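Single-structure report; data block below.
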Ligand code: ASP
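Numbering (the working numbering), first residue to last: 269 to 575.
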């Protein structure tokens with residue numbers, strides 16, 4: 269078994285620091301699932317994602333643009349649980365969630381349970397910038413995205429053989445040996461790997477965060493996780509930090525993880541890493557919530573705790 273939170277940070281220090289941190293999900297991957305070839309391909313996609321975002325920051329672009337560009341690369345790769353290649357719900361359908369937040373204005377946009385939007389992070393950005401709302405779900409979100417002219421794909425585009433087999437395996441295991449709820453939840457962590465997220469600080473001193481996911485394999489149709497919930501899986505505030513989380517969403521929603529870190533910094537004066545450790549390694553652990561997060565503060569400090 270292999271603990272994995274693929275994370276990379278890029279910094280450069282000319283006039284003001286720019287920072288970009290990305291993740292490809294947290295969880296426990298079995299050796300059979302993670303072959304050297306697959307690991308290499310995932311690292312290549314993560315590198316491409318990091319370069320796409322960093323190219324924007326380096327040329328004085330915005331943290332919002334960098335976060336979106338980095339996440340789009342991973343949504344387009346079939347190797348992560350976001351966009352194409354995302355996990356299947358119990359009906360064998362891909363349903364995607366994503367959110368983005370601007371730390372300068374605290375404007376935010378999110379989509380949830382969408383089945384046909386090629387890049388949910390792009391739709392989330394459009395909800396933020398082109399609608400009066402923060403979150404659109406399901407068919408309404410898809411109609412909005414279509415109206416905004418972004419790519420719509422048939423459901424088949426999103427489904428991969430690997431995810432079909434994964435669902436078959438989970439459903440078979442559950443039929444054969446139904447386990448008490450808490451143990452089953454733990455076991456399913458193996459299927460959490462691959463949510464993607466990014467946090468960035470740009471030359472203008474602005475923070476942004478974004479997260480995109482297919483959620484949990486074998487989830488009920490209509491289930492929404494923490495990723496698109498502002499303050500749970502995604503949050504950015506120039507006064508404190510930008511956070512993108514990954515893990516067992518139900519717990520991250522109940523512990524309001526991302527906002528809690530920001531609030532602890534703001535009200536208690538703790539540093540980013542102290543606040544993040546408190547939430548991820550203490551509160552979440554006491555709660556029983558597994559996962560982790562990436563975060564950056566306005567000075568460019570980064571942290572990436574997971575439990
Ligand atoms: N947090 C996501 C969710 O529960 C899953 C993940 O991060 O892997 O929807």
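Built from N, CA and C at the ideal position, the CB exists for glycine as well. Just so it is clear, the structure is predicted and the values come from calculations on it, not from any experiment.
Taking C-beta to C-beta, are residue i and residue j nearer than 8 Å?
i           : j           : result
residue 476 : residue 510 : yes
residue 489 : residue 407 : no
residue 549 : residue 575 : yes
residue 556 : residue 572 : no
residue 374 : residue 505 : yes
residue 291 : residue 464 : yes
residue 503 : residue 526 : yes
residue 379 : residue 395 : yes
residue 389 : residue 343 : yes
residue 513 : residue 499 : no
residue 288 : residue 314 : no
residue 368 : residue 381 : no
residue 391 : residue 411 : no
residue 352 : residue 425 : yes
residue 423 : residue 393 : no
residue 350 : residue 386 : no
residue 415 : residue 348 : no
residue 339 : residue 480 : yes
Heavy atom of the ligand ASP less than 7 Å from the Cβ of residue i, yes or no?
i           : result
residue 517 : yes
residue 528 : no
residue 495 : yes
residue 293 : yes
residue 501 : yes
residue 520 : yes
residue 559 : yes
residue 349 : yes
residue 565 : no
residue 463 : yes
residue 365 : yes
residue 514 : yes
residue 481 : yes
For residue i, is the classification buried or exposed, using 16 other Cβ atoms within 10 angstroms of its Cβ as the cut-off for buried?
i           : result
residue 308 : exposed
residue 470 : buried
residue 456 : Only weak support exists for where residue 456 lies, its pLDDT of 47 falling under 50; the value from the coordinates is given anyway. Classification of residue 456: buried, given that the 10 Å Cβ count is 16 or more.
residue 462 : buried
residue 431 : buried
residue 528 : buried
residue 558 : buried
residue 565 : buried
residue 371 : buried
residue 440 : exposed
residue 417 : exposed
residue 304 : exposed
residue 445 : exposed
residue 413 : buried
residue 449 : In this prediction, residue 449 has a pLDDT of 46, which is less than 50 and means its spatial position is unreliable; what the coordinates show is noted afterwards. Residue 449 should be labelled exposed.
residue 361 : exposed
residue 567 : exposed
Give a yes or no on whether 8 Å exceeds the smallest Cβ distance from residue i to chain B.
i           : result
residue 537 : In the structure shown, chain B does not exist; there is a single protein chain.
With respect to 7 Å, is the separation between the Cβ of residue i and the closest non-hydrogen atom of the ligand NAP below this value?
i           : result
residue 484 : Ligands present in the displayed structure are limited to the ligand ASP, and the ligand NAP is not among them.
Can you give me the Cβ contacts of residue i inside the same chain, cut-off strictly under 6 Å, excluding the 5 residues immediately before and after it?
i           : result
residue 345 : 313
residue 409 : 379 and 382
residue 334 : 288, 321, 324, 325 and 468
Residues in the same chain with beta-carbon distance under 8 Å from residue i, minus the five sequence neighbours each way, listed in chain order, please.
i           : result
residue 341 : 313, 316, 317 and 320
residue 537 : none
residue 545 : 571 and 573
Excluding the five sequence neighbours on either side, which residues of its own chain have a C-beta within less than 7 Å of the C-beta of residue i, listed in chain order?
i           : result
residue 328 : 471
residue 540 : 509, 533, 563, 565, 569 and 571
residue 336 : 368, 389, 390, 393 and 478
Worksheet item: Does the region 421 to 440 touch the region 519 to 538, meaning 3 or more C-beta pairs lie closer than 8 Å?
Response: no
Item to complete: Tell me, please, whether the region 468 to 485 touches the region 345 to 360 by the rule of three or more beta-carbon pairs shorter than 8 Å.
Response: yes
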